[in-house]
Structures are given as structure tokens and as C-alpha cells.
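Taking this note's numbering, I'd label the letters of the sequence shown as residues 17 to 426. Everything on this sheet refers to the single structure shown next.
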Amino acid sequence: MTERTLTTVGNTDGVLRSSNESGRSDALLPAPQVQNHAANLALLPDNSLACVWFSGTQEGVPDISVWLSTLAPDSAVWSAPVQLSDDSTRSEQNPVLHVVDDRTVWLLWTSQHAGNQDTARVLRRISVDGGRSWGQPHTLIPETASGGVFVRQPLAVLPSGRLLLPVFHCVRVPGRKWVGDRDYSGVMISDDRGEHWREVVVPDSLGCVHMNIGRLSDGTLVALYRSRWADHIYRSVSTDDGDTWSAPVATELPNNNSSIQFVVLPDDRLALVFNNSSAADATARRTSLYDEIDDDGLADNGSIDGADIESPTPIDDGDSRAAFWGAPRAPMTLAVSSDGGLTWPVQRDLEVGDGYCLTNNSRDGLNREYSYPSIIGSSDGALHIAFTRFRQAIEYVRVDRSWLSNGPTS
């Protein structure tokens, strides 16, 4: 039977309000369109907190574009969103902000045809006034002969000035619609402030995507990954500034084939936001990331009956696994590691729920996912977190670091 439970997100006025939990405050950012997803946070040169995400009718549809809202240092209200991309022929997704210096900010995002991630390329706009105005879009990483290139996570900047941009490849399989089970990760490296780039492919990273890189004080680079198999968060390391990487290895934490993000704290602890769920928690599965989108890029916003959906057929190339879609996208959990991501003894839920996401339908309020988190720290010791709430709005949460130890853990 098709799931018909409706969900509402609450007041999307952008006002930051104190929570009934000590050390926490929350806001729902203004929603410019019916669907809002894939937030990323950054601190702008003027110390405003910036959030970018994509918004439109439905993921994969050509009216999906990138939007920006900011929270000034002395304000308790997020600004009205401003649209930063507008290609009427492509779905524009997964925006990332990168602050270069006290004037220059980059905006990166992906651009694809209809629901086909294997046609994606990475675009960029540059601001030279701290994010107040933006130059013209241009292609930073083109689509490749083998498929699309996607970004999701922020760039890592090393003490030498080297830039590391994690990417993942959405591999095209002739005669077969993209479902994600050939995807793998790489790192684009620049040693001249982004003028030239070369790629290092992460070995044995099939199914490991959304690579997120953090640097420890001893120079070790730690990367955590989303898993297309919806089994675990994976981890790999580099000890030579990203020139080589170990093969990703499963951690103790689950993953549901949805995004994660972490930040390295000043004391070398890692603070991670993720969905504490996996395929083992699923009662049904989807064929892909998208609801039905036809060749013209038009979406069928009707709900999907997960019980009637067939699983993707694995490719017979020596790896029989297929990408798993439909594991619950909840709870949204904050976790802390003191050993570089090997163990995660401290965990506390930010939001709980059943995380139903067998449909991306936002118009009818059928989706109940908490997903695609972003996290950054600020000089006052606070953690700033943003994530998708029911595909209808972006939820922002600010917590003091003491918040983790002041309440129940998951």
C-alpha cells in the first residue's frame, strides 16, 4: 500500500529560536520553492554564516537551482534566499562554498540533464566582494567520456596552500539508466590556487562517494565516505598531502546511502553528522535516487509504493553488488571521535523519526527524511549544522560543544 502520511515542517521564517534543550537553538530557513535539499555551510569573510542548497520542484528537474541565505553575526534571522544559478535545461545541485581569502569566495555546483547524474559537470562562480555579488558561471570540471562528475563536500586547504577537491564519478553504463553502483571517488589537486588541476583516484573506492576530507594536526588526512551499498561509513587516509590514499575500509558506523559530513575540531577530535541507519533498517527499496523523470526532464510527483519496486540489477563485471536506495534517512545524529574516526563513542541525536524517503515528493508532503548534513565550527566553540527536513526546508541547528554531554545519547 502506498505511504500517504503527510508531513509539515513548521515555520520557515528563518528566525533562530532557543530550544528546550540547553545549549541548542534552531531555525528553519526560508524556502524559496517546494523542494529544498543538500545544504552546505561556510563562514564568509565578514563572519556571516552562509548556507547554500538547491531548490525547485523536485531533484533532477531542470527548475532545480542553487540558492543562498546568510546569517549576519549580530542577527537572529536568516536572510531571504537569493538565487545563484539558473540553467533552464539542467538540474543544478549540490552547491559548495569555498572562501579563498578576505575578498574571494567560490561557489561550486553540479549541473546535469534530467535525472541522469552520469551527464553531470561541475560549474563555478567567483565572488570578489566576500559573497555579495558573483561573476558569470563557467565549467570547472567537464563531463567525462565515461560519465558525470559530482561534488558534495568542501575543499580542503593544506598549510602549503594545496587545494584538495573531493569528487565522485557517476559512471555511464551503455543501455542502462544510471543507478549509482559503478560510482567511485577521486581527489582533484591544485598547487597553484586553482589555476590547474590533476586527479588522484582513490583505489578500490567503488561504491564510496561524497568523500569528505579533514586534516589532523600531525598532517594525516582522514576521509570519510557515503556508501552506495547502504552498509557502513567508510574511511581512508593519506599521509602525503593527498598524493596517495589507502583503500576505503568500513567503520563501525552505519550508512544508508545518504550524505555525511564532519569537521576537525581544534583538539583533533572529529565531529560528524550522519544518519544512524542502513539497509538493515529498510522495509523496502527504490530503483534510484529519483522518482520517475521522463526524457524531457519532467517529474511525476506521485508517490512511490516501495513494496512494488524492483531492485536495480547488478552489472556482471566481477562485483555483484547493486546500489541500495530507500534505507531510512533518520535519525540525524551528531557523533565525536577522538582517534581519527576509528571509533565514535559519543553520539547524540539531533532529530529522530522514521526517515521515510521512498519518494522525493515534496509537493504532497510525503517525504519524512532528515538528510544531507553540513557542519562547521566557529571560534566561540559552537557547532553549526544544517540539513534537509522532509525535503521541504533546510533546518539549521546551533549547539554548544557541551550539548553533547548534557543529554541522552543515541
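Just so you know, even glycine gets a beta-carbon here, dropped at the ideal spot from N, CA and C.
| Query | Result |
| --- | --- |
| C-alpha distance - Ser71 paired with Pro48, whole-angstrom precision | 7 Å |
| Local conformation of Trp419 per DSSP, three classes | helix |
| Top-ranked residue by Cα proximity to Glu367, from Arg345, Thr359, Ser353 and Ala296 | Arg345 |
| Span of the beta strand (DSSP E), counted from its first residue to its last, around Trp122 | Val121 to His129 |
| Whole-Å CB distance - Val112 paired with Pro61, under 8 Å assumed | Not confirmed; about 17 Å, so no contact. |
| Whole-Å CB distance - Leu123 paired with Arg106, under 8 Å assumed | With 8 Å as the limit, Leu123 and Arg106 do not qualify as a contact, their Cβ atoms being about 16 Å apart. |
| Asp365 - DSSP class collapsed to helix/strand/coil | strand |
| Residues sharing a beta bridge with His400, DSSP | Ile392 and Arg414 |
| Cβ shell of Ser162 (< 8 Å), same chain only, five flanking positions each side left out | His185, Val187 and Arg188 |
| Check whether Val215 and Gly202 have beta carbons under 8 Å apart | Before going further, note that residue 215 is Glu rather than Val in the sequence given. Yes, Cβ-Cβ distance for Glu215 and Gly202 is below 8 Å. |
| Secondary structure of Asp134, DSSP reduced to three states | strand |
| Own chain, CB closer than 6 Å to Ser387, minus 5 neighbours either side, in chain order | Ser274, Arg345 and Thr404 |
| Among Trp245, Trp150 and Ile249, the one whose alpha carbon lies nearest that of Trp83 | Trp150 |
| Span separating the alpha-carbon of Gly164 from that of Asn272 | 22 Å |
| Every unbroken beta strand (DSSP E) inside the region 260 to 295 [3 residues or more] | 265 to 270, 277 to 280 and 286 to 291 |
| Anticipated Cβ contact below 8 Å, Ser252 with Val218, distance rounded | 6 Å |
| Ile410, buried or exposed, once every other Cβ within 10 Å from all chains shown has been counted against 16 | buried |
| Secondary structure, beta strand (DSSP E): runs of 3+ residues fully inside the region 182 to 221 | 200 to 206 and 214 to 217 |
| Contact under 8 Å by Cβ, Gly357 with Leu286 | yes |
| Unbroken beta strand (DSSP E) run spanning Cys224, endpoints | Cys224 to Arg231 |
| Top-ranked residue by Cα proximity to Tyr250, from Phe278, Gly258 and Asp234 | Phe278 |
| Sequence-distant residues of its chain with Cβ nearer than 7 Å to Gln133 (five each side left out) | Gly164, Phe166, Cys186 and Trp194 |
| Buried/exposed call for Leu382, threshold 16 Cβ in 10 Å | buried |
| Residue nearest to Leu45 in terms of C-alpha spacing, selected from Trp69, Asp234, Ser35 and Val121 | Trp69 |
| Pick from Asp259, Leu240 and His53 that is closest to Trp213, judged by C-alpha positions | Asp259 |
| Length of the line joining the Cα atoms of Arg364 and Thr375 | 27 Å |
| Continuous beta strand (DSSP E) stretch holding Gln109: start and end | Ser107 to Val115 |
| Contact check, His226 vs Ile276, beta carbons under 8 Å | yes |
| Own chain residues within Cβ distance below 6 Å of Thr86, not counting five before or after | Ser64, Ala66 and Ser95 |
| Same chain, Cβ closer than 6 Å to Pro97, five either side skipped, listed in chain order | Pro46, Pro48, Trp83 and Ser85 |
| In DSSP terms, what Tyr386 is bridged to | Arg405 |
| Extent of the continuous beta strand (DSSP E) to which Cys67 belongs | Leu65 to Gly72 |
| Neighbourhood of Gly397 by C-beta, 8 Å cutoff - its chain only, sequence neighbours within 5 removed | Asp416 and Arg417 |
| Close beta carbons around Trp360, own chain, < 8 Å, minus the five adjacent residues each side | Thr267, Glu268, Leu269, Leu288, Ala351, Val352 and Ser353 |
| Reference Asp79; option with closest CA among Ser395, Asp102 and Arg414 | Asp102 |
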